[in-house]
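All remarks here apply to the structure that follows.
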Amino acid sequence: MLDFCTDPDLLEGGRWLACYLTTGKHMAFYASFGTVLLLLAVTAPVALLFGFGGALAARSRIAPLRWIGKGYTAIVRGVPDIAFFLFFVIALDQGIEWLRHQVKCPDWDLPIRQGNDFVVCTAAKMPLSAAPQWVHEVYGFALAVLTFAIVFGAFAANVLYGAMRAVPKAQLETAAAYGMTQRQATRRVLIPQMWVYALPGLSNLWMILIKATPLLFLLGVEDIVYWARELGGAKTQIYAYPHPDWRLWYFLALLVFYLLLTKISEIVLERVTRRLSHGQATMGGRALRGKAA
Amino acid sequence: MKHLILSAAALALGTGAAMAQDTIRMGSEGAYPPYNFINDAGELDGFERELGDELCARAELTCEWVTNDWDSIIPNLVSSNYDTILAGMSITDERDEVIDFTQDYYPPTESVYVAMSEDADLEGGVVAAQASTIQAAHVAETGATLLEFATPDETVAAVRNGEADAVFADYDFLKPVADEDPDMMIVGEPVPLGDGIGMGLRESDGELKDTFDAVITEMKEDGTLNELLIKWFGEDTTTYE
Chain A
1 MLDFCTDPDL LEGGRWLACY LTTGKHMAFY ASFGTVLLLL AVTAPVALLF GFGGALAARS
61 RIAPLRWIGK GYTAIVRGVP DIAFFLFFVI ALDQGIEWLR HQVKCPDWDL PIRQGNDFVV
121 CTAAKMPLSA APQWVHEVYG FALAVLTFAI VFGAFAANVL YGAMRAVPKA QLETAAAYGM
181 TQRQATRRVL IPQMWVYALP GLSNLWMILI KATPLLFLLG VEDIVYWARE LGGAKTQIYA
241 YPHPDWRLWY FLALLVFYLL LTKISEIVLE RVTRRLSHGQ ATMGGRALRG KAA
Chain E
1 MKHLILSAAA LALGTGAAMA QDTIRMGSEG AYPPYNFIND AGELDGFERE LGDELCARAE
61 LTCEWVTNDW DSIIPNLVSS NYDTILAGMS ITDERDEVID FTQDYYPPTE SVYVAMSEDA
121 DLEGGVVAAQ ASTIQAAHVA ETGATLLEFA TPDETVAAVR NGEADAVFAD YDFLKPVADE
181 DPDMMIVGEP VPLGDGIGMG LRESDGELKD TFDAVITEMK EDGTLNELLI KWFGEDTTTY
241 E
């Protein structure tokens, strides 16, 4: 808060704008950009991990593991993201509370479902009612990250599964001829080589993940879309800084933010592709060799 | 023996008091000034914020405010994400089947149309209203085409950009809009709707309902509720006898 902002009614022009753009509400808006970046930073590796597990499970020689791996990708890929988000977050939240209820309140005699109500004992609430608001927000955010990771993990699993199959068979046969076990061949030959095949698919996923972050808004997390809509809406005199409908400008700012984010991503991903292509039997790898020679 | 019973009673009272100190999570929308809105400091403000804080203070409850989208405000109450709704929610029979209401803390009121011209077609034109409100239900019953939006602000924006001929909402919400924008005006006859605004609670939460009912009665009797109504809605607002 700037020091000349005490009485917004007397301000004009640039000063008004400077004060307006530094209100507590705008600070929350700026902070929510961090929320989106944090979501990306946490979700991407977790989703990759889920995808890796899913791909390995789908390739497994043990039938039940294979079923789990293939079932996971088939189910999640086949359901619209929004439907999955809406269902999963509620189901997960109630599931966690139900489990905690069973453990913490074994002698609770009332039904958990009373008509429309879902009521668990106070000790089983997740988070506890008495917990400060930020704990509730972190919990909501964690649920969102988990849901994002499950959804994008399924797509990543499919990409990685395809990439593992794209590694030339001769490489694995050679590994076997050198006396490596199946496990050694997977770890030393297959996985290091598959990335270059996985990268186009994974970079696509990353772009889609960036663009899917406004779904946070749907999950009740106060993200940039929430604040842009809230701040942009027309404000009457009851607010300290009344203004007409400015949603266009706020959404324009979001547009620029997302374009910048995807542009930077493209540049970084291109560099990673170059690096991974070195020494690979792919078009990209051959092109790099051609230049060197 | 008598001592034992007394101490047992004290113990029971003690646990009762401990129960009462649980945090009550108060749900609101934060988008319906002057009932409830997010002020420039980023905090929930408005008539319901002030009323709710006072109710909690009188009932000796610790309360924490939560904002939630209007669309999912009832589902999230019944799944216990918060314990009450104070969001300008009119008491209606349909809602009463799903949740419970305290007595009204805002008397039955009138809803009005706001449009860009005096001769807006309210019966056959396009009328904007917030989804799942009594106003939306009312528009659906008239001959007008109902255009629903998730937030109150969007319903007004729809009239400004010509998408709708008029917006239909609570008088107190639309009055400042019509007053401050020279292009917009209240048109047609006011329509009395609903049974007043009450606090929504889970049906299984009878005890909490009784607690809040008692303090609302108290505030009605000592005139503090009327003072709050006049403070937020002006001298002309309907107050309690």
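Residue numbers (UniProt numbering), protein chains in the order written: chain A, 1 to 293; chain E, 1 to 241. Note that beta-carbon positions come from the ideal geometry of N, C-alpha and C, so glycine has one too. Note that the structure is predicted; figures quoted are calculated from it, not measured.
Counted within 10 angstroms of its Cβ, other Cβ atoms place residue i as buried (16 or more) or exposed
| i | result |
| --- | --- |
| residue 188/A | exposed |
| residue 25/A | buried |
| residue 154/E | buried |
| residue 311/E | Missing from the structure shown is residue 311/E; chain E here goes from 1 to 241 and no further. |
| residue 34/E | buried |
| residue 80/E | buried |
| residue 68/E | buried |
| residue 152/E | buried |
| residue 227/A | buried |
| residue 18/A | exposed |
| residue 221/E | exposed |
| residue 12/A | exposed |
| residue 249/A | exposed |
| residue 177/E | buried |
Spatially closest choice to residue i from the options, by CA coordinates
| i | options | result |
| --- | --- | --- |
| residue 174/E | 115/E, 57/E, 77/E, 97/E | 115/E |
| residue 9/A | 260/A, 125/A, 242/A, 284/A | 242/A |
| residue 116/A | 204/E, 111/E, 237/E | 204/E |
| residue 190/E | 55/E, 67/E, 110/E | 110/E |
| residue 164/E | 31/E, 44/E, 139/E | 139/E |
| residue 195/E | 149/E, 176/E, 88/E, 143/E | 88/E |
| residue 197/A | 274/A, 209/A, 47/A, 135/A | 274/A |
| residue 29/E | 192/E, 77/E, 166/E, 213/E | 77/E |
| residue 98/E | 253/A, 277/A, 114/A | 114/A |
| residue 238/E | 39/E, 197/E, 208/E, 218/E | 197/E |
| residue 77/A | 166/A, 264/A, 158/A | 158/A |
| residue 213/E | 47/E, 64/E, 103/E | 103/E |
| residue 28/A | 75/A, 148/A, 221/A | 221/A |
| residue 59/E | 93/E, 228/E, 233/E, 207/E | 207/E |
| residue 206/A | 192/A, 147/A, 269/A | 269/A |
| residue 224/E | 157/E, 44/E, 39/E, 50/E | 50/E |
| residue 126/E | 171/E, 167/E, 181/E | 167/E |
| residue 131/E | 161/E, 147/E, 141/E | 147/E |
| residue 186/A | 87/A, 16/A, 39/A, 55/A | 55/A |
| residue 87/A | 65/A, 161/A, 150/A | 150/A |
| residue 130/A | 83/E, 90/E, 52/E, 37/E | 83/E |
CB contact check: residue i to chain E, cutoff 7 Å
| i | result |
| --- | --- |
| residue 241/A | yes |
| residue 275/A | no |
| residue 114/A | yes |
| residue 253/A | no |
| residue 129/A | yes |
| residue 159/A | no |
| residue 46/A | no |
| residue 238/A | yes |
| residue 50/A | no |
| residue 119/A | yes |
| residue 299/A | It is not possible to answer for residue 299/A, since the shown part of chain A is limited to 1 through 293. |
| residue 3/A | no |
| residue 245/A | yes |
| residue 233/A | yes |
Closer than 7 Å to chain A by CB, residue i
| i | result |
| --- | --- |
| residue 80/E | yes |
| residue 25/E | yes |
| residue 236/E | no |
| residue 148/E | no |
| residue 53/E | no |
| residue 11/E | Residue placement at residue 11/E cannot be trusted, given a pLDDT of 44 that sits under 50; what the coordinates show is reported in the next sentence. Not closer than 7 Å to any Cβ of chain A, the Cβ of residue 11/E fails to qualify, so no. |
Interfacial residues, the stretch 15-29 of chain A to chain E, with Cβ spacing under 9 Å: Flagged, chain order: 20, 23, 24, 25, 26, 27, 28, 29.
Using a beta-carbon distance cut-off of less than 9 Å, what residues from the stretch 188-203 of chain E approach chain A? Only 202, 203 from the stretch 188-203 of chain E bring a Cβ to less than 9 Å from some Cβ of chain A.
Contact list for the stretch 172-188 of chain E against chain A, Cβ threshold 9 Å: 176, 177, 179, 180, 181: these are the residues of the stretch 172-188 of chain E whose beta carbon lies less than 9 Å from some beta carbon of chain A, given in chain order.
In chain order, which alpha helix (DSSP H) runs of at least 4 residues are fully inside the stretch 179-250 of chain A? Counting only runs of 4 or more, we get 182-185, 191-212, 215-218, 224-232.
Uninterrupted alpha helix (DSSP H) stretches inside the stretch 8-62 of chain A (no shorter than 4 residues): With a minimum length of 4 residues, the continuous alpha helix (DSSP H) runs that stay inside the stretch 8-62 of chain A are 13-20, 24-59.
Under 9 Å, CB to CB, which of the residues in the stretch 28-46 of chain E have a partner in chain A? Residues passing the 9 Å Cβ filter: 30, 31, 33, 34, 37, 38, 39, 40, 41, 42, 43, 45, 46.
Please give me, in chain order, every unbroken run of the beta strand (DSSP E) with length at least 3 that falls completely inside the stretch 146-209 of chain E. Taking only runs of at least 3 residues, the beta strand (DSSP E) segments lying wholly in the stretch 146-209 of chain E are 166-170, 185-193, 197-201.
Residues of the stretch 90-121 of chain E with a CB closer than 8 Å to any CB of chain A: list them in chain order, please. Taking 8 Å as the Cβ-Cβ cut-off against chain A, the residues of the stretch 90-121 of chain E that qualify are 98, 99.
Compile a chain-ordered list of the residues in the stretch 152-172 of chain E whose CB is closer than 7 Å to at least one CB of chain A. Taking 7 Å as the Cβ-Cβ cut-off against chain A, the residues of the stretch 152-172 of chain E that qualify are 153, 156, 157, 160.
Residues in the stretch 129-156 of chain A with C-beta within 7 Å of chain E's C-beta atoms, listed in sequence order? With the criterion set as a beta carbon lying under 7 Å from some beta carbon of chain E, the members of the stretch 129-156 of chain A are 129, 130, 133, in sequence order.
Chain E contacts from the stretch 89-101 of chain A (Cβ-Cβ distance under 9 Å): Listed in sequence order: 90, 93, 94, 97.
If the cut-off is 8 Å on Cβ atoms, which residues from the stretch 211-222 of chain E count as contacting chain A, listed in chain order? The residues in question: there are none.
Residues within the stretch 60-73 of chain E neighbouring chain A, beta-carbon criterion of under 9 Å: Listed by position along the chain: 62, 64, 65, 66, 67, 68, 69, 72.
Check each residue of the stretch 208-220 of chain A: if its Cβ is closer than 8 Å to any Cβ of chain E, include it; give the result in chain order. For the stretch 208-220 of chain A, the beta-carbon criterion of a distance under 8 Å to any beta-carbon of chain E is satisfied by 220.
Just to confirm the assignment: which complete beta strand (DSSP E) runs, minimum length 3, are found wholly within the stretch 16-87 of chain E? Here the runs fully enclosed are 23-28, 36-38, 62-67.
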